[in-house]
Structure formats: C-alpha cells, structure tokens
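A.B. asks:
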Amino acid sequence: MTNDARAIVIGAGLGGLSAAMRLGAKGYAVTVLDRLDRSGGRGSSISQDGHRFDLGPTIVTVPQVFESLWAACGRDFRQDVDLRPLDPFYEVRWPDGTKFAACGDDDRMFAEISKISPSDLKGYKRFLKDSAARYVVGFEGMVAKPMHRLWETIKVLPKFAQLRADRSIYGLAAARVKDEKLRMALSFHPLFIGGDPAHVTSMYALVAHLEKEFGVHYAMGGVQAIADAMAKVVRAQGGVIRHETQVDEIHVEDGAATGVSLTDGTRLDAGLVVSNADAGHTYDHLLRNHTKRRWTSRKLSRRRWSMGLYVWYFGTKGTADMWPDLGHHTIQNGPRFTGLLRDIFMKGKLADDMSLYVHRPSVTDPTAAPAGDDTFYVLSPVPHLGWKNAVDWQTEEPIYREKVAAVLEGMMPGFRERISTELVFTPETFRDRYLSPHGAGFSLEPRILQSAWFRPHNVSEEARGLYLVGAGTHPGAGLPGVVSSAEVLGKLVPDAPVVMDAPRLAAE
Ligand SMILES: Cc1cc2nc3c(=O)[nH]c(=O)nc-3n(C[C@H](O)[C@H](O)[C@H](O)COP(=O)(O)OP(=O)(O)OC[C@H]3O[C@@H](n4cnc5c(N)ncnc54)[C@H](O)[C@@H]3O)c2cc1C
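Whatever position you read off the sequence shown (first residue = 1), add 20 for my numbering.
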C-alpha cells in the first residue's frame, strides 16, 4: 500500500473518531493516535469506586448527525447506541425558587413562560420564529458545508444582516422578552459550547429550534458509549486506535504533510494527516518547526478563547431517593447573569457568585452508579488561564469547592456527608489532559469573527494533506459541531487511491 492510502488521525475525541469513520468508509488505512487511555476525549469517562463519571458532554442534540455518520459507514447508529429522549430536557432555577422546565411541547412551554411572565408569551412566540429562521440559515446552510473559501462566508452575509447576526443572542432575547429570568433561559445555550451569550451572535438562537424539533437525548452508558461504538466501527473498517500515544510533531515536506513523530521518537508516515487536537495546539506546537502563513503564534495569542470549567465529580451513598425534585439536568442560576458573564469572559475574574450546571445521570442510567447511590457532576464556568493574574488553581481549588458546596447545599441538603468518592477538574486539568490552550473548555470562542471562514479551516491553510476536525475548526464545539466537522472532511477528501478490503463487523 502507498502512503497516499494511509491516514493518521491525531486525537480520538468525538471529532477524531468521526473523521476516522469517514476516512475508513473512503478506503483509507486509518491509524488514530491519542494520548489518553481511552477513546472519547472530552466525551470520555472515568470509573471510580463503582461510579462512572461522564467527564464532559451530557446533552445529545441533533441525533441525525450520528445517524448519517453511521449510514456513511453502512451501519445503523440505533443498533449500536441506546439513545433516550429526555422529558423535560432540563430545569433552570433561580435563587428566589423560580423554576423553568424546558421541553419540546409548545403548550407546556407556553405555560412555563406564562408562569414566570405572562406578558412575555407573545415575545417568546416571536423568539421561536427567530430561532427557526436562524436554524435554516445557520445550521442547515452552514454547519456541514466546507467554509474555507471566503466566498462561502460572503454569500451568507446578506442573510446574516437580515437576521441581525450582529446582535448577541442575549440581545435578541432581550428584544423579545422583558423578564430577566426568561432572557437568561432563552440565551444561555452558547455556554455549552464555550460562548459568552452577551457577545456571541444571535444565530445561536437556532439551538431552541434544534431542541424543540429533534429533542434532547441521553446516551445510555454516557457519551463514552458513543465513543466506544465509534471506535468499534473504526476497528471493523480495519483501522487501528493507539492509546497512550502522544504526537509531538507533524512533518511537512515541500509544503505537504507526510506524517508525524511521537513523543517517544517513533515516526509514522501517511499521505493524509487529520488533527483532532486543538487547533491552537496543532499550529503552535505540532507545527512549531514549520513557518505559518496564517496561524502564527502571535495571531493565535490574539484570538478569544472559550471560558474554562471547574467540574466537581462525586458519588453519593444511599441517596437514590433523596432530593426527588433534582432531575437529570439542572441549571442553578446565581444572583447575576450578565454581570457574571462579564467577569468570566471580559475581565478574567473568578467571581464569588456562580451559576452551576448539575448533572445527575443516575436518574436515567442505572449503569452510572451502584444501586441506591448517585453519581453527580457540578460544573461552574470560570475564566480560562490566558488572563494576566490567571487563577492559581492549586491554591484556589479547595476554597472554590467550599463556595460551590454552599450553593449545592441549598439544592441537595446534606449531600456532603453522603459523598463517597470525588474528583475535580480545573482549567489546569483541561490544559494538561487535553492539551487545551489556556485550559479552555471548548477551544476558540464561537464569536462571529472566529466562525466559518474566520475559524481555522478544515483543510489546513498551512500544509497540503493536513486537515482539521473538532471544536477548534469549522463549525465549532459541541457534539453536533465536531461530528459535522468530519462530514466536511468527508466532502473535501477524495476516496483512497487503493481500495482497502474492509473487514465487516460481525453481525449482531
Ligand atoms: C464539561 C463539558 C461539558 C460539555 N457538555 C456538552 C453537552 O452537553 N453537549 C454537547 O454537545 N457538547 C458538550 N460539550 C462540548 C463537547 O464535549 C466538545 O466540544 C467535544 O467533545 C470536543 O470534541 P473534539 O473531538 O473536538 O475534541 P476532544 O474531545 O478534546 O478530543 C481531542 C483528543 O485529542 C487528544 N490529543 C490532543 N493533543 C494530542 C496529541 N498531541 N497527541 C495525541 N492526542 C492528542 C486529546 O487527548 C483528546 O482525547 C461539553 C464539553 C465539556 C468539557
């Protein structure tokens, strides 16, 4: 086999695994290399004392991106992964006890809106229309399309102007509803992909439409189960996945990527290299010995990076019947919304107050915790490490944990005495575990001037035969985003010159 038919994928995150599946389907002999001990990247899990901590993504939207990926490989996603729709999708809470349960049913949503602010019902209905219009342009029109030609971005500008894409999603919500709580409930979604709702484009209002039309789902076994199913397809296609294997450099000769070197000095050759490592790490570190045309260190250092994350994972003993009103997904607001966003995204300041996302998978998935027990994670958005006077988490972590615990105590009285096992991730963990620049939770922030053509391209600007997938490239972070980045890759890469004899998965 010639090197032209060999492909190396750096990183076994959901983006890298999707890329490997697409390339396998095109006949490439694929080798996936990841520094972690298992597949999934941010979507992987850690099992500890009988509890499975799903480390990152918990909300699965737009399941059809997975279905079409599987279909491209001649497989049926629903046969391989048990995806369950959730109802309600999630609950949003405020310190005064107000609760808002989001779901896909219009009448129930209208009742939830009216409960908080009856006069905002009309504005909410307008927001739903705004959301649907943005879905057509922003999701159907752009997400799975190659955006490396400037013309493709220029083409959508008139539509963007018409839809007031210059306005932030919070700005759009504020124009439609008067109640501050509802403004938050309609605009917080970009936080799940690392964007500041007060600054990212109102095009992200499309998420409300996605949720309503396609639901919010949970993968039994956590997103790890999706990653494992992907890895199984890759291996069945004849691909190889090597864990605990770190790439140190991408080789470029005569302007073309020719392979990689590992940190142990081994060199692997391939005609096609796909990086699922963060775009910043790819250009700043893996291509450090190559002169860059676009993504110089200086340029990368001037980009805006998504926020960092403080995540406290813990198991609790004998609590399955406790806190019965605490469901699978809960967002607990603090006293401030826009002020807190300003501290995190504009000032780089770790505030004393916080908004928390609480994940309790054990109410849906008995495999997450031992019988009668619970598994939780609690996430607080915090500044990334790139600010002057960045937080020193070695010192700050125990202090911050007490502040988080104080808020949680209001939601789950007595939880601390029930904790049987725990684990904490800070932005420093994201930096060291995922090699994420500034320890950011979601790579480059999805600002309008860091999206589409303005984002690092799927087909690298720096070397022929080098491609990027995952959160730092087009279309961006989130499971639908990173899986779609591999769909774009599939459109850019020709079939392998030598058709491989792909072994079939054993029939189940
Ligand atoms: C806490 C949290 C909650 C989230 N919640 C949601 C959610 O509910 N729904 C949703 O849709 N999205 C969510 N997201 C976002 C989503 O998880 C990510 O955008 C997505 O998983 C990123 O996938 P990826 O393939 O780009 O990268 P990653 O998952 O980061 O994978 C990249 C892989 O590359 C490896 N790697 C990096 N450099 C090298 C190297 N030099 N050599 C070898 N390997 C390397 C890393 O170890 C990693 O395994 C969440 C993210 C986090 C962190």
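Note that the Cβ used here is the ideal one computed from N, Cα and C, for glycine as well.
This structure is a prediction, so every number in the text was calculated from the model and none was measured.
#1: Rounded to whole angstroms, how far is the Cβ of L405 from the Cβ of G459, which I believe are closer than 8 Å?
#2: For S88, which residues of its own chain have a beta-carbon under 8 Å away from its beta-carbon, when the five flanking residues on both sides are left out?
#3: By the 10 Å Cβ neighbour count, where 16 or more other Cβ atoms means buried, how is N309 classified, buried or exposed?
#4: According to the neighbour-count rule (16 or more other Cβ atoms, all chains shown, within 10 Å of its Cβ), is N409 buried or exposed?
#5: At which residues does the alpha helix (DSSP H) containing F450 begin and terminate?
#6: State yes or no: is the C-beta of T78 nearer than 7 Å to some heavy atom of ligand 1?
#7: I need the DSSP call for D307, collapsed to helix, strand or coil.
#8: On the DSSP bridge list, what partners appear for H271?
#9: Spell out the partners DSSP gives E111 in its beta bridges.
#10: Between the alpha carbons of A25 and A45, how many angstroms are there, rounded?
#11: Tell me whether the beta-carbon of G31 lies closer than 8 Å to the beta-carbon of G76.
#12: Please work out which residues of its chain come closer than 7 Å, Cβ to Cβ, to M204, disregarding the five sequence neighbours upstream and downstream, and give them in chain order.
#13: Using three-state DSSP, classify P210 as helix, strand or coil.
#14: If I measure Cβ to Cβ from E231 and keep anything under 8 Å in the same chain, skipping five residues before and after, which residues do I get?
#15: State the DSSP-derived secondary structure class of D126, mapped to helix, strand or coil.
#16: Comparing alpha-carbon positions, which option in L34, S64, M250 and V243 lies nearest G94?
#17: Would DSSP call E442 helix, strand or coil?
#18: Counting along the chain, where does the alpha helix (DSSP H) carrying F97 start and finish?
#19: Which stretch, first to last residue, makes up the alpha helix (DSSP H) that contains A371?
#20: By the 10 Å Cβ neighbour count, where 16 or more other Cβ atoms means buried, how is R55 classified, buried or exposed?
#21: Can you list, in chain order, the residues of its chain with a C-beta nearer than 8 Å to that of V427? Leave out the 5 residues immediately preceding and following it.
#22: Distance check for K252 and R524, CA to CA, integer angstroms please.
#23: On the three-state DSSP scale, how would you describe F73?
#24: Taking the alpha helix (DSSP H) that H494 belongs to, which residues open and close that run?
#25: Is the beta carbon of D74 closer than 8 Å to that of S65?
#26: Which partner residues of L329 appear in the DSSP bridge assignment?
#27: Find the nearest neighbour of E264 within the set D515, E273, V272 and T283, judged by alpha-carbon distance.
#28: Whole angstroms is fine: what's the gap from E465's alpha carbon to T311's?
#29: Where do the ends of the alpha helix (DSSP H) carrying L360 lie?
#30: In angstroms with no decimal places, state the Cα-to-Cα distance between L512 and A290.
#31: So, for A425: in the same chain, excluding its five sequence neighbours on each side, which residues have a beta-carbon less than 7 Å away from its beta-carbon?
#32: Cutting at 6 Å between CB atoms, please list the residues of its own chain near D385, excluding the five before and the five after it.
#33: Is it buried or exposed for V402, if we count other Cβ within 10 angstroms and need 16 for buried?
#34: Would you be able to state if there are at least three C-beta pairs under 8 Å between the region 126-137 and the region 174-181?
C.D. replies: Quick look at the numbers:
#1: The count along the sequence shown starts at 1 and reaches residue 405 at position 385. The count along the sequence shown starts at 1 and reaches residue 459 at position 439. Contact between L405 and G459 holds, with the beta-carbon distance rounding to 4 Å and staying under 8 Å.
#2: Within the sequence shown, residue 88 is the residue found at index 68, counting from 1. The beta carbon of S88 sits closer than 8 Å to those of E507, all from its chain and outside the five residues before and after it, given in chain order.
#3: As a first step, residue 309 is located in the sequence shown; it is residue number 289 there, counting from the start. Residue burial annotation: N309 is exposed, with fewer than 16 other C-beta atoms found within 10 angstroms of its C-beta.
#4: Sequence index remark: in the sequence shown, residue 409 carries index 389 (1-based). Label assigned to N409: exposed.
#5: The residue given as residue 450 occupies position 430 in the sequence shown. Taken as a continuous stretch (DSSP letters only), the alpha helix (DSSP H) holding F450 covers P447 to Y454.
#6: Here residue 78 refers to the residue found at position 58 when the sequence shown is read from its first residue. Checking the 7 Å criterion, the Cβ of T78 is within range of a heavy atom belonging to ligand 1.
#7: By one-based count along the sequence shown, residue 307 stands at place 287. According to the sequence displayed, residue 307 carries Leu and not Asp. Coil.
#8: Here residue 271 refers to the residue found at position 251 when the sequence shown is read from its first residue. Bridge pairing for H271: G279 [DSSP].
#9: One-based indexing of the sequence shown puts residue 111 at position 91. Under DSSP, the beta-bridge partners assigned to E111 are A121 and T350.
#10: Position 5 of the sequence shown holds residue 25. Position 25 of the sequence shown holds residue 45. The C-alpha of A45 is placed about 12 Å away from the C-alpha of A25.
#11: Position 11 of the sequence shown holds residue 31. Position 56 of the sequence shown holds residue 76. Result no, Cβ atoms of G31 and G76 do not sit closer than 8 Å.
#12: Counted from its first residue, the sequence shown places residue 204 at position 184. The residues are N353 and F357.
#13: Indexing the sequence shown from 1 puts residue 210 at position 190. It is helical.
#14: Position 211 of the sequence shown holds residue 231. Cβ within range, chain order: T81, F109, A122 and G124.
#15: Numbered from 1 along the sequence shown, position 106 holds the residue referred to as residue 126. Shown here, D126 sits in a helix according to DSSP, grouped into three states.
#16: As a working note, residue 94 is residue 74 in the sequence shown. Ranking L34, S64, M250 and V243 by Cα distance to G94 puts M250 first.
#17: Looking up residue 442 in the sequence shown gives position 422. E442: strand per DSSP, three-state reduction.
#18: As a working mapping, residue 97 is identified with position 77 in the sequence shown. First-last of the alpha helix (DSSP H) with F97: F97 to D100.
#19: Counted from its first residue, the sequence shown places residue 371 at position 351. Unbroken run through A371: none, as it is neither H nor E.
#20: For this step, residue 55 is matched to residue 35 along the sequence shown. Here R55 is buried. Its C-beta has 16 or more other C-beta atoms within 10 Å.
#21: Along the sequence shown, one-based indexing puts residue 427 at 407. Answer for V427: Q352, G354, M374 and L376, listed in chain order.
#22: The count along the sequence shown starts at 1 and reaches residue 524 at position 504. The count along the sequence shown starts at 1 and reaches residue 252 at position 232. For R524, the pLDDT reaches just 44, beneath the cut-off of 50, and the residue's location in the model is therefore unreliable, leaving the point undetermined.
#23: For the purposes of this step, residue 73 is identified with residue 53 of the sequence shown, where counting begins at 1. It is a strand residue.
#24: Sequence index remark: in the sequence shown, residue 494 carries index 474 (1-based). Careful: H494 lies outside any alpha helix (DSSP H) and carries neither H nor E.
#25: As a first step, residue 65 must be located in the sequence shown, where it is residue number 45. As a first step, residue 74 must be located in the sequence shown, where it is residue number 54. Yes, the pair counts as a contact, with Cβ atoms nearer than the cut-off.
#26: Within the sequence shown, the letter at position 309 stands for residue 329. According to DSSP, L329 shares a beta bridge with P401.
#27: By one-based count along the sequence shown, residue 264 stands at place 244. Considering only D515, E273, V272 and T283, the residue with the shortest C-alpha distance to E264 is T283.
#28: Counting from 1 along the sequence shown, the entry for residue 465 is found at position 445. Counting from 1 along the sequence shown, the entry for residue 311 is found at position 291. Each residue's Cα considered, the two are about 25 Å apart.
#29: Position 340 of the sequence shown, counting from 1, holds the residue named residue 360. Looking at the DSSP string, the run of the alpha helix (DSSP H) that includes L360 is T358 to L361.
#30: As a working note, residue 512 is residue 492 in the sequence shown. As a working note, residue 290 is residue 270 in the sequence shown. Distance between the alpha carbons of L512 and A290: 17 Å.
#31: Indexing the sequence shown from 1 puts residue 425 at position 405. Closer than 7 Å at Cβ, skipping near neighbours: R436.
#32: The sequence position of residue 385 within the sequence shown is 365, counting from 1. By the criterion of a C-beta distance shorter than 6 Å, D385 is surrounded in its chain by M240, once the five residues flanking it on both sides are discounted.
#33: Counting from one through the sequence shown, the residue named residue 402 turns up at place 382. Around the C-beta of V402, 16 or more other C-beta atoms lie within 10 Å, and the residue is accordingly described as buried.
#34: No: fewer than three Cβ pairs fall under 8 Å.
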